[in-house]
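Residue numbers (this note's numbering): 109 to 718. For glycine and all other residues, C-beta sits at the position ideal for the given N, C-alpha and C. As the structure is a prediction and not an experimental result, all values here were calculated from the model. Here is the structure we will look at, set down as structure tokens.
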Ligand code: F6R
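Next up, the structure:
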């Protein structure tokens, strides 16, 4: 995830910025840069930027000491708009008068870009951020606060900004909406940062900016303003976290932090694609004719991403009426699949580097298939080689077990299914509108589920010593339990298997005995009665049943030992809600078994070998 540091004071700024950025390295990044004011009003600002590691920036600047000046901003970038290149790295400048670093996503940057081009601005990068630099320049008539207010009024989306104006040496500005920004003070100068670890080595005295608050740092003080340009008071607190706790945002593990980041990751993935109640996928570059010409979809992926494909199959077939086949990437590449003309290959991958998924993509391309990839890492191998790319906006995922990337992959599939359904005319307007509206509610509903975390922790205590767990579900719930079982087994080392509930009586039910743990997911209206029958079957054989079902389905309490309720949504979207309690359950079971949750044995985050 991108990182921001800003400093002004009495010390050499470049050193402080580089040290601060180094403390944010753990978050993942692909390029970095700094901009330091030389202290002379009106001197053009210059950015020093590199692709790759911070060390390259250190090498270029003699560890910062070749850059004169005592105020500046720095950034580590995790690419979203445009590949990881020097041109796309931050800070972005407007004619040397304004420099900006940015975390977040500007949804209307395409429109803003066109407006600014018409005003004579030229663009050096593909980023959404450069529009902010030019907007600030356009509105800067000598009053930085006014320029910032006018600029942010034109931005749709999320942002935390660090800003320098060439005619205001010694001043650093910041502003935020839906992306975190802190300000911190020390005797030696003042700071802004996206995250606490960046400043911990200099000060523990911090304040957290609220949405639409502006901060102005000067060497001898910090001022805060609201959007009317009026001064406001902020309370500073002393951070007691050590560096390790600070990196995890105060959570005990990255996995828990990433579980909690899901509402934001979903919002960031969904919101930029919704305009006036419609799904807009212009960045995908697929024409309506192309979408209509697809008569079959072949999906491939590994692990959790394969579970996303299993969900997508149900959703795409139900909404867009396109037949979908799903293969494990490691199987697809060797089974000599028969691929009919008009079949589109879809590859789903967080890292974009998974060896089997990449090989499957190459196989499909060799067969002349149109290849669409859903990828989280911009510029990764799969993203580069696919014909069309849908980027998820999960940000970097550090825990080995995927959570937020999985959720955003689901969101991408929902949007593709809805878009295809509209273009192919397979959904009436009313149903389409209802689904788009329900989609936008998912991030908030995930937030609601997270508030029930304590109950999942309590339930995890009951499951912590179990030897085997059986996860059952029907239809889309079957796809969800595949993920639930994998989450539990990979981080708790408990043997867990997922079954389509209707399959139990064809063999597996012989394993069910007194004390067996069964997790049943039951959210699909049309399959509810049948799923309840399966729950009754296992209960009658002595299993302890934990059921996950939708709010109001209280009848479930008659059949299950424990019931967890999740908010109501459209049937096709339940997988996004169901997965959250399942993630929490796996996390807390792992925790109570004393396992290294973020780094379970034998597993790597990205599997780049066969
Ligand atoms: C499970 C998990 C893995 C990945 C799989 C694919 O929690 O993280 O199963 O989903 O290795 O990885 P990507 O999505 O990077 O291709």
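If you compare alpha carbons, which of 182, 229, 234, 219 is closest to residue 272?
-> Within the chain shown, the letter at position 164 stands for residue 272. The candidate whose alpha carbon is nearest that of residue 272 is 182.
Along the alpha helix (DSSP H) that carries residue 719, what are the first and last residues, could you check?
-> Given a span of 109 to 718 for the chain in the structure shown, any question on residue 719 remains unanswerable.
Pull up the DSSP beta-bridge partners for residue 453, would you.
-> Position 345 of the chain shown, counting from 1, holds the residue named residue 453. 406, 479.
Curious, which full-length beta strand (DSSP E) runs of at least 3 residues does the stretch 262-342 contain?
-> 265-273, 280-285, 290-294, 297-301, 313-316, 322-326, 329-333
Give the secondary structure of residue 573 by DSSP, where H, G and I count as helix, E and B as strand, and everything else as coil.
-> Counted from its first residue, the chain shown places residue 573 at position 465. If DSSP states are grouped into helix, strand and coil, residue 573 belongs with coil.
Around the C-beta of residue 431, are 16 or more other C-beta atoms found within 10 angstroms, so that it is buried, or is it exposed?
-> For this step, residue 431 is matched to residue 323 along the chain shown. The residue in question, residue 431, is exposed, as its Cβ has fewer than 16 Cβ neighbours within 10 Å.
Can you give the beta carbon distance from residue 210 to residue 237, rounded, assuming they're within the 8 Å contact cut?
-> Taking the chain shown and counting its residues from 1, one reaches residue 210 at position 102. Taking the chain shown and counting its residues from 1, one reaches residue 237 at position 129. About 4 Å; that satisfies the 8 Å criterion.
Helix, strand or coil for residue 435, going by three-state DSSP, please let me know.
-> As a working note, residue 435 is residue 327 in the chain shown. Three-state DSSP puts residue 435 in a strand.
How about residue 617 and residue 509: do their beta carbons lie closer than 8 Å?
-> One-based indexing of the chain shown puts residue 617 at position 509. One-based indexing of the chain shown puts residue 509 at position 401. Result no, Cβ atoms of residue 617 and residue 509 do not sit closer than 8 Å.
Any idea if residue 711 is buried or exposed, counting beta-carbon neighbours within 10 angstroms, 16 or more meaning buried?
-> As a first step, residue 711 is located in the chain shown; it is residue number 603 there, counting from the start. Its Cβ having fewer than 16 others within 10 Å, residue 711 is exposed.
Rounded to whole angstroms, what's the CA-CA distance from residue 341 to residue 291? Just pull it up for me.
-> Numbered from its first residue, the chain shown carries residue 341 at position 233. Numbered from its first residue, the chain shown carries residue 291 at position 183. Each residue's Cα considered, the two are about 13 Å apart.
Cut-off 7 Å between Cβ atoms - residues of its own chain near residue 235, not counting five sequence neighbours on either side = For the purposes of this step, residue 235 is taken as the residue at position 127 of the chain shown. The residues are 189, 190, 196, 200.
CA-CA distance, residue 369 and residue 213?
-> Sequence index remark: in the chain shown, residue 369 carries index 261 (1-based). Sequence index remark: in the chain shown, residue 213 carries index 105 (1-based). Their backbone Cα atoms lie some 15 Å apart in a straight line.
Return the bridge partner residues of residue 115 from the DSSP annotation.
-> Here residue 115 refers to the residue found at position 7 when the chain shown is read from its first residue. DSSP, once it has assigned bridges, lists 180, 299 as partnering residue 115.
Could you spell out where the beta strand (DSSP E) holding residue 496 opens and where it closes?
-> In the chain shown, counting from the first residue as 1, residue 496 sits at position 388. Where residue 496 is concerned, the enclosing beta strand (DSSP E) stretches over 496-499.
Once you ignore the five residues that flank residue 278 on each side, which residues in its own chain have a CB closer than 8 Å to its CB?
-> For the purposes of this step, residue 278 is taken as the residue at position 170 of the chain shown. These residues qualify, in order along the chain: 116, 145, 147, 178, 179, 326, 327.
Return the CA-CA distance between residue 333 and residue 454, expressed in angstroms with no decimal places.
-> On the chain shown, residue 333 is found 225 positions in, with the first residue counted as 1. On the chain shown, residue 454 is found 346 positions in, with the first residue counted as 1. Approximately 48 Å, taken between the alpha carbons.
At least three beta-carbon pairs within less than 8 Å, the stretch 651-670 to the stretch 350-364 = no
For residue 361, name the three-state secondary structure that DSSP assigns.
-> As a position in the chain shown, residue 361 is number 253, starting the count at 1. Three-state DSSP puts residue 361 in coil, outside helix and strand.
Residues that residue 386 bridges to, as DSSP identifies them | Within the chain shown, the letter at position 278 stands for residue 386. BP columns for residue 386 point to 383.
So which of 458, 641, 518 has the shortest CA-CA distance to residue 378?
-> Taking the first residue of the chain shown as position 1, residue 378 is located at position 270. Minimum Cα distance to residue 378 is reached at 518.
When burial is assigned at 16 or more other CB atoms within 10 Å of the CB, is residue 527 buried or exposed?
-> Sequence index remark: in the chain shown, residue 527 carries index 419 (1-based). Flag for residue 527 reads buried.
Relative to the C-alpha of residue 475, which residue among 461, 494, 447 is closest?
-> By 1-based counting over the chain shown, the position of residue 475 is 367. Considering only alpha carbons, the answer is 447.
Check the C-beta distance from residue 382 over to residue 544 and give it rounded, since I have them as a contact under 8 Å.
-> Taking the chain shown and counting its residues from 1, the one referred to as residue 382 is at position 274. Taking the chain shown and counting its residues from 1, the one referred to as residue 544 is at position 436. Sure, about 7 Å apart at Cβ, within 8 Å.
Check whether the Cβ of residue 364 lies closer than 7 Å to any heavy atom of ligand 1, and answer yes or no.
-> Residue 364 sits at position 256 when you count from the first residue of the chain shown. Residue 364 Cβ: outside cutoff for every heavy atom of ligand 1.
Taking the DSSP output, what are the residues bridged to residue 93?
-> Outside the shown range of the chain, which is 109 to 718, sits residue 93, and nothing can be said about it.
Under 8 Å between the Cβ atoms of residue 185 and residue 140?
-> By 1-based counting over the chain shown, the position of residue 185 is 77. By 1-based counting over the chain shown, the position of residue 140 is 32. Going by C-beta atoms, residue 185 is nearer than 8 Å to residue 140.
Continuous beta strand (DSSP E) stretch holding residue 377: start and end | Taking the first residue of the chain shown as position 1, residue 377 is located at position 269. Taken as a continuous stretch (DSSP letters only), residue 377 belongs to no beta strand (DSSP E), being part of the alpha helix (DSSP H) at 370-378.
Can you say whether residue 260 is buried or exposed, counting buried as having 16 or more other CB atoms within 10 angstroms of its CB?
-> Locating residue 260 in the chain shown gives position 152, counting from the first residue. Buried, by the Cβ-count rule.
Inter-stretch contact at 8 Å, needing at least 3 Cβ pairs: the stretch 416-430 / the stretch 581-590 | yes
Taking the CB atoms as reference points, tell me whether residue 638 and residue 615 lie closer together than 8 Å.
-> Reading the chain shown from its first residue, position 530 is the one you call residue 638. Reading the chain shown from its first residue, position 507 is the one you call residue 615. No, they are not a contact pair.
Do residue 112 and residue 297 have their CB atoms nearer than 8 Å?
-> Reading the chain shown from its first residue, position 4 is the one you call residue 112. Reading the chain shown from its first residue, position 189 is the one you call residue 297. It is not a contact, given that the beta carbons lie outside the stated cut-off.
Whose C-alpha, out of 605, 641, 302, is nearest the C-alpha of residue 624?
-> For the purposes of this step, residue 624 is taken as residue 516 along the chain shown, with counting starting at 1. Closest option to residue 624, Cα to Cα, is 605.
Would you list the one or two residues that DSSP bridges to residue 654?
-> Locating residue 654 in the chain shown gives position 546, where the first residue counts as 1. Answer by DSSP bridge pairing, in chain order: 627, 670.
Tell me residue 345's beta-bridge partners as DSSP assigns them.
-> In the chain shown, residue 345 corresponds to position 237, counting from 1. Paired residue(s): 314.
Is residue 612 near ligand 1, going by C-beta to nearest heavy atom under 7 Å?
-> If you number the chain shown from 1, residue 612 lands on position 504. Checking the Cβ of residue 612 against ligand 1 gives no.
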